[in-house]
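This report refers to the structure that appears directly beneath it.
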Amino acid sequence: MSENIYVIGNWKMNKHLHEVTDFFDQFNISLHDMFASDNSANIEIGVAPAAIHLPQLSDATNFSLVAQNIASEENGAYTGEISASMVAEYSRYVLVGHSERRMFFNESNDILIKKIMLAYKYNLIPIFCFGENLENREKGDYLSIIKQQIEKVIFPVFSSSVFLNQTLIVAYEPVWAIGTGKHASPEQISEVHDYARNLLIDNIGNIKGSVPILYGGSCNSQNAKSILEQKNVNGLLIGGASLDVDHFTKIIQIAHGLS
């Protein structure tokens, strides 16, 4: 099991600078007592703002910055892209393989492999996202899809001794439960997390420590506790609920109560 509970908010393409400032003013007030407690270190809070806001938030002490994306190339004539080395000046983590990047930007497994390798080169910790769509779920072949996603991206990276003992975080995001009003049950979440844990243990021997497995489906303050209580759930990757400071801080407080 992972020692920490992770609570990471993915803001996607939302919030202007004044909204970001207002959010964290309230965030720090709401969580003041928790940050002052002895066991607040057991909670790793991350926020993934729009890339343009990373510099303004780089001095934050109560949470870590997460980049939503990095380029698959190191540098060069790639208009609009942001390199891993640029992101690493501000961020600790980076999302790789999010379903929206796969869907809207046609990111292939080869591209994801390159991104993870570049993340490691510049000391970023990748949060690799995987998960099935509704068709996969209804057909009952969701575990084979998940196995394929992990095998084709994570296994090639860690087959190289260059990446010996690198830190990895993975996040299960059932695409059918993101922004659809559908929710994965704790039992469904537990099944996939247990499967992913065993898959990693059985096939990769050179990952540093136990890999945290986050849940990245629709999560809110009503279902956070039941999700976090599952054996192989080490945290949450939160979308819409993280945009509201009251909802986000409530989820963090729930996680803190379980730490």
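Be aware that the sequence shown starts at 923, since it is given in my numbering, and climbs by one per residue. Note that the Cβ used here is the ideal one computed from N, Cα and C, for glycine as well.
Report yes if the CB atom of residue i is closer than 8 Å to the CB atom of residue j, and no otherwise.
i, j, result
"residue 988", "residue 1013", "yes"
"residue 1053", "residue 1095", "yes"
"residue 1036", "residue 980", "no"
"residue 1098", "residue 1150", "no"
"residue 1127", "residue 1106", "no"
"residue 1108", "residue 1144", "no"
"residue 1034", "residue 969", "no"
"residue 1154", "residue 1077", "no"
"residue 1183", "residue 1050", "Coverage of the chain is limited to positions 923 through 1181, which leaves residue 1183 absent and any answer about it impossible."
"residue 931", "residue 1164", "yes"
"residue 1101", "residue 1162", "yes"
"residue 1065", "residue 1117", "yes"
Have a look at the options and flag the residue whose alpha-carbon is nearest the alpha-carbon of residue i.
i, options, result
"residue 929", "985, 1051, 1016", "985"
"residue 933", "1159, 1134, 949, 953", "1159"
"residue 1093", "948, 1165, 1156, 1132", "1156"
"residue 966", "1108, 1154, 1015", "1015"
"residue 1180", "956, 948, 946", "956"
"residue 1223", "1100, 1137, 1103", "Residue 1223 is absent from the structure shown; the chain starts at 923 and stops at 1181."
"residue 977", "935, 996, 942, 997", "942"
"residue 1146", "1072, 1134, 1171, 946", "1171"
"residue 937", "975, 947, 1088, 948", "975"
"residue 946", "1166, 1081, 997", "1166"
"residue 1123", "1168, 992, 1090, 1067", "1090"
For residue i, report the span of its beta strand (DSSP E) as first-last.
i, result
"residue 1048", "1047-1052"
"residue 1179", "No beta strand (DSSP E) contains residue 1179, which is instead part of the alpha helix (DSSP H) from 1167-1180."
"residue 1064", "First-last for residue 1064: 1064-1080, but that is the alpha helix (DSSP H), not the beta strand (DSSP E)."
"residue 1022", "Not the beta strand (DSSP E): residue 1022 falls in the alpha helix (DSSP H), residues 1021-1026."
Residue range of the alpha helix (DSSP H) that residue i falls in?
i, result
"residue 1117", "1108-1125"
"residue 1042", "1031-1043"
"residue 1056", "1056-1061"
"residue 950", "939-952"
"residue 901", "No statement about residue 901 is possible, as the shown extent of the chain runs from 923 to 1181 and does not include it."
"residue 1150", "1146-1150"
"residue 1006", "1006-1009"
Measure the C-alpha to C-alpha separation of residue i and residue j and round it to an integer number of angstroms.
i, j, result
"residue 1021", "residue 950", "31 Å"
"residue 999", "residue 1175", "44 Å"
"residue 892", "residue 1069", "Any answer about residue 892 is impossible in this case: the structure gives the chain only from 923 up to 1181."
"residue 1083", "residue 944", "45 Å"
"residue 1133", "residue 964", "16 Å"
"residue 990", "residue 1061", "31 Å"
"residue 958", "residue 971", "25 Å"
"residue 1011", "residue 1043", "13 Å"
"residue 923", "residue 1040", "Note that residue 923 scores 41 on pLDDT, short of 50, meaning its location in the model is unreliable; the coordinates nonetheless yield the value given after this. For residue 923 and residue 1040, the distance between alpha carbons rounds to 27 Å."
"residue 939", "residue 1058", "39 Å"
"residue 1019", "residue 1071", "9 Å"
Please find out if some non-hydrogen atom of the ligand ATP comes closer than 7 Å to the beta-carbon of residue i.
i, result
"residue 952", "Annotation note on the ligand ATP: not contained in the displayed structure, which lists no ligands."
Item checked: Touching by the beta-carbon criterion (3+ pairs, under 8 Å), the segment 1003-1010 and the segment 939-958 -> no
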